[in-house]
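Visitor: Handing you this structure, nothing more for now.
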Amino acid sequence: HSVLTQPPSASGTPGQRVTISCSGSSSDIGSSAVNWFQQFPGSAPKSLIYNTDERPSGVPDRFSGSKSGTSASLAISALQSEDEADYYCAAWDDRLNGWVLGGGTRLTVL
Amino acid sequence: QVQLVESGGNVVQPGGSLRLSCIVSGFDFSRFGMHWVRQAPGKGLDWVAFIRPDASDRAYVGSVKGRFTISRDNSKNTLYLQMDNLRPEDTAMYYCAKESLSPWDHWGQGTSVTVSS
Numbered sequence: 001h002s003v004l005t006q007p008p009s010a011s012g013t014p015g016q017r018v019t020i021s022c023s024g025s026s027s028d029i030g031s032s033a034v035n036w037f038q039q040f041p042g043s044a045p046k047s048l049i050y051n052t053d054e055r056p057s058g059v060p061d062r063f064s065g066s067k068s069g070t071s072a073s074l075a076i077s078a079l080q081s082e083d084e085a086d087y088y089c090a091a092w093d094d095r096l097n098g099w100v101l102g103g104g105t106r107l108t109v110l
Numbered sequence: 111q112v113q114l115v116e117s118g119g120n121v122v123q124p125g126g127s128l129r130l131s132c133i134v135s136g137f138d139f140s141r142f143g144m145h146w147v148r149q150a151p152g153k154g155l156d157w158v159a160f161i162r163p164d165a166s167d168r169a170y171v172g173s174v175k176g177r178f179t180i181s182r183d184n185s186k187n188t189l190y191l192q193m194d195n196l197r198p199e200d201t202a203m204y205y206c207a208k209e210s211l212s213p214w215d216h217w218g219q220g221t222s223v224t225v226s227s
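Listed in order, the protein sequences are those of chains A and B.
Just so you know, we're using the working numbering here: the first sequence kicks off at 1 and counts up by one.
Just so you know, we're using the working numbering here: the second sequence kicks off at 111 and counts up by one.
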């Protein structure tokens, strides 16, 4: 049972824009930055978005993050087949005094 | 380039102990906080523990408090996770991760822990 709530799956066709949501509470998303990670099967995760809306060097600007209140979103524009992966959101939780994550969203490119 | 290499994973019986290691290179280890994050087979990611660059503060997820201890040896560029009183639910791939702009900026490839009788 994850603290942050993500849809288990999402899908889109090449070229489309898709969004993945991440819902939390006032003690996590509501009071701290949100981070997103991408993971391909059999591989270690990779940092995709940090500080809610910033991209590490090398991450295409097709990936963007946003937050409103206690919810956050990851948007992927101009969807490509290589974007097919699992995506996780994470935030610091002031109440638990630790990092909490969503259960992950498996993105399928149709 | 930044590299993190975990080791120490194994099959262990419930109640047993393991010590995981993460040897890093390509950056000044003594300046960065470090984390352990785990992933049970077929499941999502779970944060396990964090340690400050100078080990002055540590944090743990509730389910491992009192059983796991995170530590580091900055002279050896090595992060550790001592795991005691292991339970079947601790079965997972354990990743070490470097904190920088992102809480988990760079990741190792993981080491596998199986707790089973």
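The beta-carbon is built from N, C-alpha and C at its ideal position, and this holds for glycine as well.
Can you check which of these residues, B:Gly118, B:Arg182 and B:Val121, is closest to B:Lys208 by C-alpha distance?
Guide: Per the Cα distances, B:Arg182.
Visitor: Can you confirm whether the region 32-49 of chain A touches the region 82-92 of chain A when touching is taken to mean that 3 or more C-beta pairs between the two stretches lie within less than 8 Å?
Guide: Touching, yes.
Visitor: Please list the residues of the region 163-177 of chain B that have a C-beta atom closer than 8 Å to any C-beta atom in chain A, keeping them in chain order.
Guide: Hits within the stretch, in order: Ala169, Tyr170, Val171 and Gly172.
Visitor: Figure out for me which residue from B:Val122, B:Gln219, B:Asp138 and B:His145 has the closest Cα to the Cα of A:Phe40.
Guide: Checked all of B:Val122, B:Gln219, B:Asp138 and B:His145; the closest Cα to A:Phe40 is B:Gln219.
Visitor: Taking contact to mean at least 3 C-beta pairs separated by less than 8 Å, is the region 91-105 of chain A in contact with the region 122-132 of chain B?
Guide: Because the criterion of three Cβ pairs below 8 Å is not met, the region 91-105 of chain A and the region 122-132 of chain B do not touch.
Visitor: The region 196-217 of chain B: which residues have C-beta closer than 7 Å to a C-beta of chain A, in chain order?
Guide: Cβ contacts with chain A: Tyr205, Leu211, Ser212, Pro213, Trp214, Asp215 and Trp217.
Visitor: What does the alpha-carbon distance come out to for the pair B:Ser131 and B:Thr188?
Guide: Their Cα atoms are separated by approximately 7 Å.
Visitor: May I ask which residues mark the beginning and end of the beta strand (DSSP E) holding B:Trp157?
Guide: Start and end: Leu155 to Ile161.
Visitor: If you drop the 5 nearest sequence neighbours on each side, which residues of the same chain put their C-beta closer than 6 Å to that of A:Thr13?
Guide: The answer, listed in chain order, is Leu110.
Visitor: Between which residues of its own chain and B:His216 is the CB-CB distance below 7 Å, once the five residues before and five after are set aside?
Guide: Correct list, in chain order: Val112, Leu114, Ala207 and Lys208.
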